[in-house]
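So the structure is just underneath, and the comments pick up after that.
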Amino acid sequence: WQWTAGCGADAAPYFRIFNPVLQGEKFDSKGVYVRKWIPEISGLPDKYIHKPWEAPEAVLKSAGVRLGKDYPGPVIDHFSAKKHALDRYQKI
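Going left to right, the sequence shown walks through residues 379 to 470 as our numbering numbers them.
Below, the structure is given as structure tokens:
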């Protein structure tokens with residue numbers, strides 16, 4: 379976590395921007411961390427635990443999740459945000 383936060387002992391290249399959704403899917407595919415800290419969506423199937431906004435309405439309903447009420451939709455689009463950040467870094 380220190381490397382990701384940029385406070386580790388080794389230098390992190392500016393172009394390495396992590397996508398928290400992809401990291402969650404890769405390293406916590408069962409959603410153990412998410413289920414512990416975000417109980418509002420803990421009833422979702424593994425397939426949707428890192429992207430509840432992609433779950434069909436029937437899946438959300440059976441998990442007791444009201445998207446936009448119990449849990450927000452995406453705050454940013456990671457692809458666009460990464461591109462914007464890299465463009466800004468290039469200008470430094």
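In this text, a Cβ means the ideal position worked out from N, Cα and C, and glycines have one as well. Bear in mind the structure is a predicted one, so any value in this text is a computation, not a measurement.
Residue closest to residue i, alpha-carbon to alpha-carbon, out of the options
{"i": "K439", "options": "D406, P423, R413", "result": "P423"}
{"i": "I416", "options": "F405, P430, K404", "result": "P430"}
{"i": "F457", "options": "P450, V399, C385", "result": "V399"}
Local conformation of residue i per DSSP, three classes
{"i": "L422", "result": "coil"}
Spatial distance of residue i from residue j (CA atoms)
{"i": "G402", "j": "K408", "result": "9 Å"}
{"i": "D465", "j": "V410", "result": "35 Å"}
{"i": "S426", "j": "A441", "result": "Reading the sequence as shown, one finds Tyr at residue 426 and not Ser. Straight-line Cα distance between these residues: approximately 11 Å."}
{"i": "K469", "j": "A459", "result": "16 Å"}
Span of the alpha helix (DSSP H) around residue i
{"i": "A441", "result": "435-441"}
{"i": "F457", "result": "456-468"}
{"i": "P398", "result": "398-405"}
{"i": "K429", "result": "Per DSSP, K429 belongs to no alpha helix (DSSP H) and is neither H nor E."}
{"i": "V412", "result": "410-415"}
Same chain, Cβ closer than 6 Å to residue i, five either side skipped, listed in chain order
{"i": "V412", "result": "I427"}
Residues of its chain near residue i, where Cβ-Cβ distance is below 7 Å and the 5 sequence neighbours each way are ignored
{"i": "E435", "result": "none"}
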